[in-house]
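Inspection log for the structure reproduced underneath, given as structure tokens.
This is the structure we're talking about:
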């Protein structure tokens, strides 16, 4: 009887140690995530999309969609978007651009998984998000909404939002085939941002299919 109690006590001890270890691992992961989010937020990132109709300024949210924002920054810094058109316009709906081909089929040669968060939604106009052809197919194409479009929540990864009403005003003047001249990325110590994504950047550099000469 004493032997059975000893065995049971040993099993119980192992279970308790396992539970404690799992809880500690979960707590460490939570602390790491919060630290990472704080680091992402500290960049205070913005993007200025310069177009043939004027400039449109956005706040970027790497704390909400870090890898997708990193992809956008990577492409902008490599001048991927320069000269591409806004190939799709839905009046009072959205404006879409960033397609290397110009007919809605162009990609970078690689895809990113979706990143969703509850606090960043399409409840407001002026949201900057990646277009896709289904779950986890984010590449280079993006769109900007001109009205609330909550039906897109958890279907498209949001990476930013317009700063002012003036930005929305410029957005509404865009027409099909207007061009992106350049995308300027701003923020604090912005040159350090992509250092947080060395493996991703290495992959993107190896797979990137640049647009044909424009």
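Numbering (mature numbering (1 follows the signal peptide of the UniProt record, and there is no 0)), first residue to last: -22 to -1, 1 to 192. We put the CB at the ideal spot given by N, CA and C, even for glycine. Every value quoted in this text rests on a predicted model; they were computed, and no experiment measured them.
Member of the options whose CA lies at the smallest distance from the CA of residue i
i, options, result
"residue 157", "11, 10 and 27", "27"
"residue 129", "185, 46, 153 and 71", "71"
"residue 22", "86, 32, 11 and 42", "42"
"residue 64", "131, 125, 12 and 154", "154"
"residue 111", "188, 125, 102 and 88", "88"
"residue 20", "183, 190, 165 and 178", "165"
"residue 189", "85, 25, 11 and 7", "85"
"residue 102", "82, 109 and 124", "124"
"residue 159", "60, 113, 9 and 25", "60"
Between the CA atoms of residue j and residue i - distance to the nearest angstrom
i, j, result
"residue 14", "residue 38", "16 Å"
"residue 144", "residue 95", "27 Å"
"residue 97", "residue -16", "50 Å"
"residue 58", "residue 78", "8 Å"
"residue 115", "residue 90", "6 Å"
"residue 142", "residue 73", "17 Å"
"residue 44", "residue 106", "14 Å"
"residue 149", "residue 184", "33 Å"
"residue 56", "residue 179", "12 Å"
"residue 187", "residue 7", "35 Å"
"residue 11", "residue 17", "10 Å"
"residue 117", "residue -9", "47 Å"
"residue 152", "residue 83", "21 Å"
"residue -6", "residue 134", "41 Å"
"residue 81", "residue -4", "54 Å"
"residue 131", "residue 9", "27 Å"
"residue 168", "residue 174", "11 Å"
"residue 31", "residue 25", "16 Å"
"residue 109", "residue 181", "21 Å"
"residue 62", "residue 36", "19 Å"
"residue 66", "residue 113", "20 Å"
Counted within 10 angstroms of its Cβ, other Cβ atoms place residue i as buried (16 or more) or exposed
i, result
"residue 75", "buried"
"residue -11", "exposed"
"residue 68", "exposed"
"residue 119", "buried"
"residue 176", "exposed"
"residue 29", "buried"
"residue 139", "buried"
"residue 40", "buried"
Anticipated Cβ contact below 8 Å, residue i with residue j, distance rounded
i, j, result
"residue 122", "residue 104", "7 Å"
"residue 54", "residue 161", "4 Å"
"residue 136", "residue 51", "That belief does not hold up - the Cβ atoms of residue 136 and residue 51 are roughly 15 Å apart, past 8 Å."
"residue 100", "residue 127", "5 Å"
"residue 93", "residue 46", "5 Å"
Contained alpha helix (DSSP H) runs [length at least 4] in the stretch 114 to 185, N- to C-terminal order: Every alpha helix (DSSP H) stretch that sits fully inside the stretch 114 to 185 and reaches 4 residues is listed by chain position as 143 to 151 and 176 to 185.
Which runs of the beta strand (DSSP E) at least 3 residues long sit entirely within the stretch 52 to 107? Give them in chain order. The stretch 52 to 107 contains, as complete beta strand (DSSP E) runs of 3+ residues, the segments 64 to 68 and 72 to 75 (chain order).
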